[in-house]
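Data block below; observations after.
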Amino acid sequence: MRKCVFLILVLTISQPLLAAQRIVVAGGSLTDIVFALGAGENVVAVDTSSTSPVDATKLPKVGYYRDLAAEGVLSQHPELILALEGSGRPEVLTQLRSTGVQLNLYDKPKTISELFNLIGQLGRDLNRQSQAQRLITGLKKTLPVKAPATSLSALFILSAGDRGVTVAGPETVPDLLFGYTGIRNLATAPGYKPFNREAMLVSAPDFLVAPSHVVYSLGGPEQFCQQSALALLPAAQQCKLLVMDSLMSMGMTTRLPEAIAQLATYRENSAL
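Throughout the sequence shown, residue numbering follows mature numbering (1 follows the signal peptide of the UniProt record, and there is no 0), covering -19 to -1, 1 to 253 in sequence.
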């Protein structure tokens, strides 16, 4: 009888503690998934890359995930910190762990299977396994069939200025989006790398894609297309530019089907 009473008390006490847990999330992909799993009510702060969902943008910010400061994170009195690999300097992570706060690091997903693995891992860590499985199943149902290759080519521009252009090549989310929609990515160097201006002119992409934070930091689509590093490209002269939400186009999130659909629609309109 005593064992039964003790078990009931433990369950009664532990459940509210779990629900009241204070979580700080560093990394837009993580924040997107945590909210999609229904754990957003436990999140007390996020980093500046966490631009989705809208509720996350209303929370206090702890800086950009790669430049975390221990003081900013700890000021939110977290009980759990969820962060992407590469968050903060090693000494910052050591300082956070020394306080006794649980810190979980996750690999940044670059493929669809890695996205599903991350959802599953977060589901286990947040005790939301059933929600994670439903989310994965739903994403699998809404992901379109991979499109056949087309003759259209494009570049994803991460930055464009007097110093040149930085583009997204293989092993990036933009490259995955291009491949999924049958668009040829003219950038061949893995990761985000500078692109030779002469080579860019010779390659002559049919259109350009750029993240929203880059485009609007320069004043908007028109000003972006007028950047000296792009000005000689026919695609820039005609401002054939698709502006995509930064997190949706550069991070593996639950909005992946939306990102693919948006790029596919632009591709179809460009082919007309």
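Just so it is clear, CB atoms sit at the ideal spot from N, CA and C, and this is done for glycine as well.
Rounded to whole angstroms, the separation of the alpha carbons of Ala168 and Glu152 is 11 angstroms.
Tyr87 has Leu65 as its beta-bridge partners, per DSSP. By the criterion of a C-beta distance shorter than 7 angstroms, Ser30 is surrounded in its chain by Gly8, Gly9, Tyr45, Tyr46 and Leu228, once the five residues flanking it on both sides are discounted. Beta-carbon to beta-carbon, Arg109 and Ala191 are separated by about 35 angstroms, too far to satisfy the 8 angstroms threshold. The region 200 to 215 and the region 229 to 244 do not touch, with fewer than three beta-carbon pairs separated by less than 8 angstroms.
For Ala7, the uninterrupted beta strand (DSSP E) run begins and ends at Ile4 to Ala7, by DSSP. For Ile138, the enclosing beta strand (DSSP E) has its first and last residue at Ser134 to Gly142. In terms of CA proximity to Thr32, Phe16 leads the group Phe16, Leu55 and Leu199. If one requires a minimum length of 3 residues, the beta strand (DSSP E) runs lying completely within the region 72 to 130 are 83 to 87, in chain order.
Nearest neighbour of Asn250 by Cα position, chosen from Gly232, Leu223, Ser230 and Met233, turns out to be Leu223. Taking every protein chain shown into account, the CB of Pro90 has 16 or more other CB atoms within 10 angstroms, so this residue is buried.
Using a 10 angstroms sphere on the CB of Asp88, the tally of other CB atoms stays under 16, which defines it as exposed.
Measuring C-alpha to C-alpha distances from Val54 to each of Ser134, Leu116 and Thr80 identifies Thr80 as the nearest. Taking C-beta atoms as the reference points, Ala149 and Tyr173 count as a pair closer than 9 angstroms.
Looking only at Gly163, Glu203, Leu77 and Ala185, the smallest Cα-Cα distance to Glu60 is reached by Leu77.
Ranked by Cα distance from Gly232, the first of Thr92, His58 and Leu120 is Thr92. Nearest to Ser193 by C-alpha distance, out of Pro186, Asp187, Pro202 and Ala185, is Pro202. Listed in chain order, the non-local C-beta contacts of Gly69 below 6 angstroms within the same chain comprise Leu49, local neighbours out to five positions each way being set aside.
In the three-state reduction of the DSSP assignment, Ala149 falls in the strand class. The alpha-carbon separation between Ala64 and Ser184 amounts to approximately 38 angstroms.
The beta carbon of Ala216 sits closer than 7 angstroms to the beta carbons of Pro186, Asp187, Phe188 and Leu189 from its chain, once the five residues preceding and following it are set aside; these are given in chain order. Sixteen is the threshold: when 16 or more other Cβ atoms of the shown chains lie within 10 Å of the Cβ of Gln243, as they do, the residue is buried. Shown here for Thr123: same chain residues with a beta carbon closer than 8 angstroms to its own, the five before and five after excluded, namely Pro238 in chain order. Counting only the Cα atoms, Ser140 lies some 33 angstroms from Gly101. Within its own chain, the residues whose Cβ lies closer than 6 angstroms to the Cβ of Ala130, once the five positions on either side in sequence are excluded, are Gly163, listed in chain order.
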